[in-house]
Amino acid sequence: MDFELKTLTLGSLCTEKSDALLVLLPQDFHPGGDPLSLMAAGALKSGDFENKPGRLLGAYRLPGVKAGRVMLVGVGDGSTKNVRTAVGAALGALKGSNVQTAVLFLGALGDAMADSVRTAVVACGEAGYTYSTTKSKSSPEKLGRVVLGVGDEAAATAAFTKAVALVRGLDFAKEWANRPANHATPAQLAGAAKGLGKLPRIKVEILGPKEVEKLGMGAFMAVAQGAAEPLRLIVLRYTGAPRTEAPHVLIGKGITFDTGGISIKPAAEMDEMKFDMCGAASVLGTFRVLAELQPRLNVVGVIPACENMPDGRAVKPGDVVTSMSGQTIEILNTDAEGRLVLCDALTYVERFKPKAVVDIATLTGACVVALGGVRSGLFSNDESLARALADASASSQDLCWRMPLDEDYAEGLKTNFADVANIAGRAAGAVTAAKFLQRFASKFPWAHLDIAGTAWKSGSSKGATGRPVALLVDYLMGQVLTDTPFEATSKLVKSGKKPQATPKTRA
Ligand code: BES
Ligand code: MN
Ligand code: ZN
Numbered sequence: 002m003d004f005e006l007k008t009l010t011l012g013s014l015c016t017e018k019s020d021a022l023l024v025l026l027p028q029d030f031h032p033g034g035d036p037l038s039l040m041a042a043g044a045l046k047s048g049d050f051e052n053k054p055g056r057l058l059g060a061y062r063l064p065g066v067k068a069g070r071v072m073l074v075g076v077g078d079g080s081t082k083n084v085r086t087a088v089g090a091a092l093g094a095l096k097g098s099n100v101q102t103a104v105l106f107l108g109a110l111g112d113a114m115a116d117s118v119r120t121a122v123v124a125c126g127e128a129g130y131t132y133s134t135t136k137s138k139s140s141p142e143k144l145g146r147v148v149l150g151v152g153d154e155a156a157a158t159a160a161f162t163k164a165v166a167l168v169r170g171l172d173f174a175k176e177w178a179n180r181p182a183n184h185a186t187p188a189q190l191a192g193a194a195k196g197l198g199k200l201p202r203i204k205v206e207i208l209g210p211k212e213v214e215k216l217g218m219g220a221f222m223a224v225a226q227g228a229a230e231p232l233r234l235i236v237l238r239y240t241g242a243p244r245t246e247a248p249h250v251l252i253g254k255g256i257t258f259d260t261g262g263i264s265i266k267p268a269a270e271m272d273e274m275k276f277d278m279c280g281a282a283s284v285l286g287t288f289r290v291l292a293e294l295q296p297r298l299n300v301v302g303v304i305p306a307c308e309n310m311p312d313g314r315a316v317k318p319g320d321v322v323t324s325m326s327g328q329t330i331e332i333l334n335t336d337a338e339g340r341l342v343l344c345d346a347l348t349y350v351e352r353f354k355p356k357a358v359v360d361i362a363t364l365t366g367a368c369v370v371a372l373g374g375v376r377s378g379l380f381s382n383d384e385s386l387a388r389a390l391a392d393a394s395a396s397s398q399d400l401c402w403r404m405p406l407d408e409d410y411a412e413g414l415k416t417n418f419a420d421v422a423n424i425a426g427r428a429a430g431a432v433t434a435a436k437f438l439q440r441f442a443s444k445f446p447w448a449h450l451d452i453a454g455t456a457w458k459s460g461s462s463k464g465a466t467g468r469p470v471a472l473l474v475d476y477l478m479g480q481v482l483t484d485t486p487f488e489a490t491s492k493l494v495k496s497g498k499k500p501q502a503t504p505k506t507r508a
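In terms of the numbering used here, the sequence shown is residues 2 to 508.
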């Protein structure tokens, strides 16, 4: 979907050429004398239209209006949540129509235009996304262009640019997450990353089984050993700041299919385990956004990618393997494989001397039980990193919730046969998984996002959500603001002055 931003008023909207005008009307709407205002005022007065979020009223060939279709769209108090509902309802109503271009008018919404623009663009992207890669015919969806009408184009440009970049990243993440496992093998996922390597400031390195063996990644290799598809370790680097600046690291779980291995999963809904690489997809999507926004930051993305399969060569319950960190692990359940590929990735990223490391993983069914599809689980060993992620979750409306990491939760991981077991009891399964990971994250500020409940939807609307790309992008963009610019620091050190908050512009 293409987006355009344009300065428009209710008056100028009437002469705007397009197939449909979608006019968002808040509850404090002040009508003017133009045909659209008159229609809205009349409909509100008669009770035929209420400007509650998502309420719609359509008109055809309205006198004085150039566009064929007009739709009044209620948006209540204009909150981001209501803008999302309103845009979703309006575009939903256009589904299956022959509308190719639409104007989405936000000019009647008061303050917080940046938030409204962002929310509207993302909601359009959401409504406009269709998966088609493995369908023989591409879908009949026609709406290909949305013009956002605002009161002051210049004031909304920054938010608009950011939001459009975010939609590209969300689409990229969804595309790879939705692909079936036979169309998204570890090698194909590496190919997707390679493709991103063609974008400005992104370099990609792919490691195969030999290199991974040399690194001593015994835990990662144990998961992959039952699969015919060879593993890949994908390393992406975005360099937007001087190379001397420590990078922010993202690690994405990239299990391209999780059968459970020898501890095999039940057949029902096992197909959904093609989504077990949604963490990896969110890292790829985030890099797609970085390439577009070019923030002054260094970011490393690491994706351990493999299948988890049962086989004559597969790892068995009770096997003990040696992780890259040197810690030995008793694999009591081969279905707790995510933490095994992630623990070696956590050790691997020590070499980057990272500012912070965030891993993103569809890690536990227990997290789905705890938080459902509303919030991702957030775990962290660092207060300021946890706060930065919680703030990003609020600003992006890609919500997460902090979970505990008390040492007592690690009790169940003790075993007589290795340094640590890969599972504990049934209780607090999302926390014990995080406690396992924490053992491998002692060298840097670390956070873990369990996205098992939020990364995809089941049922008739089965498909990837693109989460938590929006959260990760806001988190990283926030780091641009808080990182003292390299040049500024050296000057301050020389002059002996105390660092002050310098005005910085959002990238
Ligand atoms: N990929 C799954 C987690 C998962 C399950 C995500 C259901 C979404 C929905 C993970 O690899 C897994 O199988 N975890 C096990 C861990 C258990 C064996 C300790 C689980 O959650 O059942
Ligand atoms: Mn599993
Ligand atoms: Zn898994």
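Even for Gly, the Cβ is constructed at its ideal location relative to N, Cα and C.
- Take R314, set aside five residues on each side of it, and the residues of its chain with a beta-carbon closer than 7 Å to its own are Q226 and G227, in chain order.
- N99 has its alpha-carbon roughly 33 Å from the corresponding atom of C279.
- G77 is positioned such that its CB atom lies closer than 8 Å to that of K53.
- Here L473 has L251, S283 and T287 as same chain residues with Cβ atoms under 7 Å from its own Cβ, once five neighbours each way along the sequence are excluded.
- Residue pairing by DSSP places R70 opposite A21 and Y61 in a beta bridge.
- Here N179 carries a helix assignment [DSSP, helix/strand/coil].
- With a cutoff of 7 Å, D360 does not count as near ligand 1, since its C-beta is closer than that to no heavy atom of the ligand.
- Excluding residues up to 5 positions away in sequence, H249, L386 and P446 lie with their Cβ nearer than 6 Å to the Cβ of A357 in the same chain.
- In this chain, the alpha helix (DSSP H) harbouring D116 covers M114 to G129.
- Within the segment 276-306, complete alpha helix (DSSP H) segments of at least 4 residues are found at 279-294, given in chain order.
- Within a 10 Å sphere around the beta-carbon of K82 sit fewer than 16 other beta-carbons, which makes this residue exposed.
- From the listed residues T8, W177 and S47, the smallest Cα separation to V118 is found for T8.
- According to the DSSP assignment, F437 belongs to no beta strand (DSSP E) but to the alpha helix (DSSP H) extending over G430 to Q439.
- With fewer than 16 neighbouring CB atoms inside 10 Å of its own CB, R62 falls in the exposed class.
- With a cut-off of 7 Å, the C-beta of A337 is classified as near ligand 2, since at least one heavy atom of the ligand falls inside that distance.
- Distances between the C-beta of G261 and the heavy atoms of ligand 2 include at least one below 7 Å.
- Taking the CA atoms as reference points, G65 sits about 21 Å from V151.
- In the assembly as shown, A155 is an exposed residue. Its beta-carbon has fewer than 16 other beta-carbons within 10 Å.
- The beta carbon of A124 sits closer than 6 Å to those of R85, V88 and G89, all from its chain and outside the five residues before and after it, given in chain order.
- When only Cα atoms are considered, P27 and M40 end up about 15 Å apart.
- Collapsing the DSSP output to three states places F106 in a strand.
- Closest option to E142, judged by alpha-carbon separation, among T135, L149 and Y130: Y130.
- Per DSSP, the continuous alpha helix (DSSP H) segment holding R340 begins and ends at G339 to Y349.
- S19 is the residue among R468, K317, I424 and S19 whose C-alpha sits nearest the C-alpha of V104.
- Counting other Cβ atoms within 10 Å of its Cβ, H449 reaches 16 or more and is therefore classed as buried.
- In the three-state DSSP reduction, N309 falls in the strand class (E or B).
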